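Per numbering that gives the first Met the number 0: the sequence shown = residues 0 to 52.
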Amino acid sequence: MDFDGTLRYVNTFFVRMRGCGSAEELLDRQVSELWDSPAELLQAGRECRNFAS
Numbered sequence: 000m001d002f003d004g005t006l007r008y009v010n011t012f013f014v015r016m017r018g019c020g021s022a023e024e025l026l027d028r029q030v031s032e033l034w035d036s037p038a039e040l041l042q043a044g045r046e047c048r049n050f051a052s
């Protein structure tokens, strides 16, 4: 993600988590488009951190 919130890279876990078929479906989109609320975005971040540890 760059400084304005545009996705420039996504890994395969994120692609699967979002239910997409490829990374290209997500690239160049704004992160804010992917969740309905800031609380959902924060929860997704927590889940990613928990999965990685």
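Quick reminder that beta carbons are idealized off the backbone N, C-alpha and C, glycines included.
Quantities reported herein were computed from a predicted structural model and do not represent experimental measurements.
Q.
Along the chain, where does the alpha helix (DSSP H) containing F13 start, and where does it finish?
A. First-last of the alpha helix (DSSP H) with F13: 11-17.
Q) Taking the C-alpha atoms as reference points, what is the distance between W27 and L41? A) Looking at the sequence itself, residue 27 is Asp, so the reference to Trp does not match. The C-alpha of D27 lies about 21 Å from the C-alpha of L41.
Q.
Looking only at its chain, what residues have a beta carbon closer than 7 Å to the beta carbon of M0, apart from the 5 residues adjacent to it on each side?
A. Only L6, R7, V30 meet the Cβ criterion.
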